[in-house]
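Asker: The structure follows.
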Amino acid sequence: MNDTVSLVNIFNLFIYSDKKTVRISRHLVFWIVDIINWLVVVASRGAAMPEIYVFLCGFPFIVVTAYVIMYYLIPRYAATSDLNKLLIYIGLSLLVLGVGMRLLKYFVLFPLLWPENLATYVVLSPGRIVAEIFSSLGVIAIAIVIKLIKNKTRLENENEQLMREKREAELSFLKAQMHPHFLFNTLNTLYAEAVRQSDRRSERVVLHLSSLLRFILEECTQPLITLEKEIKVIQDYIALEQLRHGSRLKVSFHHHLSDASAMLSPLLLLPFIENSFKHSLASMPGTVEINISLQASGSKLTLQVENDCNSVDIDFGHQGVGIYNIRKQLDLLFRKNYELHTTHERNKYRIRLEIPLNIEASAGESVHRGVPHLEPVLT
């Protein structure tokens with residue numbers, strides 16, 4: 000049983016690894032297996048050596064055509080859902096392959112192998128060109144199928160991992176597991192008592208805390224929420240921290256949104272805000288200043304956070320489970336289609352995050368995962 004599991008793990012590592020050496024090995028294995036398979040088939044027919052030479056000389060044309068389709072055509076046109084253009088250009092690529100094979104035979108192979116037949120060779124015979132295409136189409140089709148299966152499996156695995164990371168972030172933020180009905184009943188009791196006693200401070204604490212916890216328990220189960228809701232939870236968090244620390248804390252939060260109904264993953268921005276409060280208050284005595292700016296323009300969202308910080312050993316990328324999880328969420332959601340920059344100088348710590356927004360999802364049309372990254376076949 001253990002041996003079987005080990006073999007499965009080795010196979011998965013070979014198929015899905017992004018290491019350059021492993022990727023090159025996958026490509027080589029695929030093409031070598033195809034060559035061996037073809038040689039076995041023609042050997043069973045008793046083919047002569049010239050036929051083998053023709054295949055081996057024309058094989059690079061097949062490889063180049065496959066990579067043009069996988070590296071260029073599919074990423075460019077499938078990502079924009081322009082399937083008509085994709086099919087047209089794939090057809091043209093195959094036509095170029097067929098014509099190229101005919102020209103190779105006429106100018107190179109026939110003069111070397113069958114010079115006596117060169118005079119009767121028709122280069123642009125439509126039937127022969129179609130035959131050349133169909134003789135090469137099998138391996139290209141197999142490559143496409145492998146790519147689709149692999150990408151589908153990888154996407155499913157990433158979605159599962161993203162849900163696990165999101166759950167960890169929710170639990171980390173909650174700090175405890177509480178039954179929601181009991182929790183809100185308790186908060187309602189506290190709020191009613193604060194109103195009866197005319198305790199405005201306690202009343203505000205309970206209101207903001209209730210809003211935060213309701214967001215965690217209800218909104219975080221959704222794959223996407225509106226930007227307006229994410230801003231509301233940030234405002235509740237800031238209000239709680241200001242009530243807690245009083246005049247010691249000076250916070251400015253400015254936001255400019257071209258479309259507050261744009262969608263993003265929940266709890267994507269709040270950990271950056273929480274991180275700035277934690278390190279400022281822990282490292283600086285006296286008054287602490289935190290400036291937060293959030294701008295959404297078109298399909299891009301920019302978050303900038305600047306906070307006082309006296310510690311020289313802060314490393315944003317390795318502080319706390321929540322921040323570690325949020326980096327992994329960014330990688331899963333956007334691949335390389337986001338920017339995260341941090342600087343620390345003169346007792347100021349700055350974070351700048353740029354992510355793409357999903358405008359279409361606000362109308363219920365799609366779920367955003369950043370710009371699709373369609374990898375080449377067998378990668």
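Per numbering that gives the first Met the number 0, the very first residue in the sequence shown carries number 0; after that it's consecutive.
All residues carry an ideal CB built from backbone N, CA and C; glycine is no exception.
1) Grab the span of the alpha helix (DSSP H) containing K104 for me, first residue to last.
2) Are the Cβ atoms of E227 and T301 separated by less than 7 Å?
3) Count Cβ pairs between the stretch 230-245 and the stretch 262-279 that sit closer than 8 Å; are there 3 or more?
4) So, do the stretch 51-65 and the stretch 125-143 have three or more beta carbon pairs nearer to each other than 8 Å?
5) Just to confirm the assignment: which complete alpha helix (DSSP H) runs, minimum length 4, are found wholly within the stretch 78-152?
6) Roughly how many whole angstroms lie between the Cα atoms of V98 and A118?
7) So what's M262 in DSSP terms, helix, strand or just coil?
8) Going along the chain, which residues of its own chain have a beta-carbon closer than 6 Å to the beta-carbon of R349, five neighbours each way excluded?
9) Which stretch, first to last residue, makes up the alpha helix (DSSP H) that contains Q234?
10) Got a sec, what are the start and stop residues for the beta strand (DSSP E) N290 sits in?
11) Return yes when the Cβ of V122 is within less than 7 Å of the Cβ of S92, no when it is not.
12) I need the DSSP call for Y52, collapsed to helix, strand or coil.
13) Just to confirm the assignment, what range does the alpha helix (DSSP H) spanning N274 have?
14) Would the beta-carbon of M100 fall within 7 Å of that of E50?
15) Give the straight-line distance between the Cα atoms of E167 and I325, rounded to the nearest whole angstrom.
16) With a threshold of 8 Å, are at least 3 pairs of Cβ atoms found where one atom belongs to the stretch 258-271 and the other to the stretch 230-241?
17) If you drop the 5 nearest sequence neighbours on each side, which residues of the same chain put their C-beta closer than 8 Å to that of K84?
18) So, for K249: in the same chain, excluding its five sequence neighbours on each side, which residues have a beta-carbon less than 8 Å away from its beta-carbon?
19) Ignore the nearest five residues each way along the sequence and tell me which others in V232's own chain have a CB closer than 7 Å to its CB.
20) By DSSP, does R355 sit in helix, in strand, or in coil?
21) Kindly indicate which residue of L94, I139 and L356 has the alpha-carbon position closest to the one of S264.
22) Taking 7 Å as the limit between beta carbons, can you name the residues of its chain near D33, skipping five residues before and five after?
23) Between the Cα of S257 and those of G297, S282 and P222, spot the shortest distance and give me the residue it belongs to.
24) Between the C-alpha atoms of N158 and L147, what's the straight-line distance to the nearest angstrom?
25) Applying the criterion that 16 or more other CB atoms from any shown protein chain within 10 Å of the CB defines a buried residue, is D307 buried or exposed?
26) Looking only at its own chain, which residues have a Cβ that is under 6 Å from the Cβ of H207, when we skip the five neighbours before and after it?
27) Please decide whether T119 counts as near chain B, where near means a Cβ-Cβ distance under 7 Å.
28) Apart from the five residues just before and just after I291, which ones in its own chain have a Cβ nearer than 6 Å to its Cβ?
29) Identify whether R44 lies in helix, strand or coil by the three-state DSSP scheme.
30) For V7 and K19, I'd like the C-alpha separation in whole angstroms.
31) With 16 other CB atoms within 10 Å as the buried threshold, where does T152 fall?
32) Can you say whether L12 is buried or exposed, counting buried as having 16 or more other CB atoms within 10 angstroms of its CB?
33) For my contact list, L108 and V53 are in at a C-beta cut-off of 8 Å; report their separation, rounded to the angstrom.
34) Is H255 near Q294, with beta carbons less than 7 Å apart?
35) Tell me the DSSP bridge mates of E381?
Answerer: Here's the rundown:
1) Position 105 of the sequence shown, counting from 1, holds the residue named residue 104. Looking at the DSSP string, K104 is not in any alpha helix (DSSP H), and its letter there is neither H nor E.
2) For this step, residue 227 is matched to residue 228 along the sequence shown. For this step, residue 301 is matched to residue 302 along the sequence shown. No, these two residues do not count as a Cβ contact at 7 Å.
3) yes
4) yes
5) 82-103 and 109-112
6) Working through the sequence shown from its first residue, we reach residue 98 at position 99. Working through the sequence shown from its first residue, we reach residue 118 at position 119. The alpha-carbon atoms of V98 and A118 are separated by roughly 18 Å.
7) For the purposes of this step, residue 262 is identified with residue 263 of the sequence shown, where counting begins at 1. Reduced to three states, the DSSP call for M262 is strand.
8) Position 350 of the sequence shown, counted from the start, is the residue given in the question as residue 349. Cβ neighbours of R349 beyond the five flanking positions: E305 and T342.
9) One-based indexing of the sequence shown puts residue 234 at position 235. Per DSSP, Q234 belongs to the alpha helix (DSSP H) from L226 to H244.
10) On the sequence shown, position 291 is the one that residue 290 refers to. It spans V287 to S296 - the beta strand (DSSP E) in which N290 sits, taken as one unbroken run.
11) Along the sequence shown, one-based indexing puts residue 92 at 93. Along the sequence shown, one-based indexing puts residue 122 at 123. In this structure, V122 does not lie closer than 7 Å to S92 by Cβ.
12) Mapped onto the sequence shown, residue 52 falls at position 53. Here Y52 sits in helix by DSSP.
13) For the purposes of this step, residue 274 is taken as residue 275 along the sequence shown, with counting starting at 1. Here the alpha helix (DSSP H) through N274 covers L269 to S282.
14) Position 101 of the sequence shown, counted from the first residue, corresponds to residue 100. Position 51 of the sequence shown, counted from the first residue, corresponds to residue 50. Contact: no.
15) On the sequence shown, residue 167 is found 168 positions in, with the first residue counted as 1. On the sequence shown, residue 325 is found 326 positions in, with the first residue counted as 1. For E167 and I325, the distance between alpha carbons rounds to 10 Å.
16) yes
17) Translated into positions along the sequence shown, residue 84 becomes position 85. Closer than 8 Å at the Cβ level, and outside the excluded window around K84, lie Y76.
18) In the sequence shown, the residue the question calls residue 249 occupies position 250. If we look at K249 and ignore the five residues flanking it on each side, its Cβ neighbours are T286, V287, E288 and I289.
19) Position 233 of the sequence shown, counting from 1, holds the residue named residue 232. Here the set comprises L211, F214 and L269.
20) Counting from one through the sequence shown, the residue named residue 355 turns up at place 356. In the sequence as presented, Arg is not what sits at residue 355; that position holds Pro. The answer is strand: DSSP assigns P355 an E or B state.
21) As a position in the sequence shown, residue 264 is number 265, starting the count at 1. Checking every option, the nearest Cα to that of S264 belongs to L356.
22) Indexing the sequence shown from 1 puts residue 33 at position 34. Correct list, in chain order: V138.
23) Along the sequence shown, one-based indexing puts residue 257 at 258. Ranking G297, S282 and P222 by Cα distance to S257 puts G297 first.
24) Taking the sequence shown and counting its residues from 1, one reaches residue 158 at position 159. Taking the sequence shown and counting its residues from 1, one reaches residue 147 at position 148. Rounded to the nearest angstrom, the two C-alpha atoms are 16 Å apart.
25) Residue 307 sits at position 308 when you count from the first residue of the sequence shown. D307 should be labelled buried.
26) By one-based count along the sequence shown, residue 207 stands at place 208. D235, A238 and L239, listed in sequence order.
27) Although the question refers to chain B, the structure presented lacks it and comprises just one protein chain.
28) Position 292 of the sequence shown, counted from the first residue, corresponds to residue 291. Taken in chain order, the residues that qualify are F252 and V304.
29) Position 45 of the sequence shown, counting from 1, holds the residue named residue 44. If DSSP states are grouped into helix, strand and coil, R44 belongs with coil.
30) Along the sequence shown, one-based indexing puts residue 7 at 8. Along the sequence shown, one-based indexing puts residue 19 at 20. If I take the Cα positions, the gap works out to 21 Å.
31) Taking the first residue of the sequence shown as 1, we reach residue 152 at position 153. Classification for T152: exposed.
32) Residue numbering aside, residue 12 sits at position 13 when the sequence shown is read from its first letter. The residue in question, L12, is exposed, as its Cβ has fewer than 16 Cβ neighbours within 10 Å.
33) Stepping through the sequence shown from its first residue, residue 108 is reached at position 109. Stepping through the sequence shown from its first residue, residue 53 is reached at position 54. Correct: roughly 6 Å between the Cβ atoms.
34) In the sequence shown, the residue the question calls residue 255 occupies position 256. In the sequence shown, the residue the question calls residue 294 occupies position 295. A contact, by the Cβ cut-off of 7 Å.
35) Nothing about residue 381 can be reported from this structure: the residues present for the chain run from 0 to 378 only.
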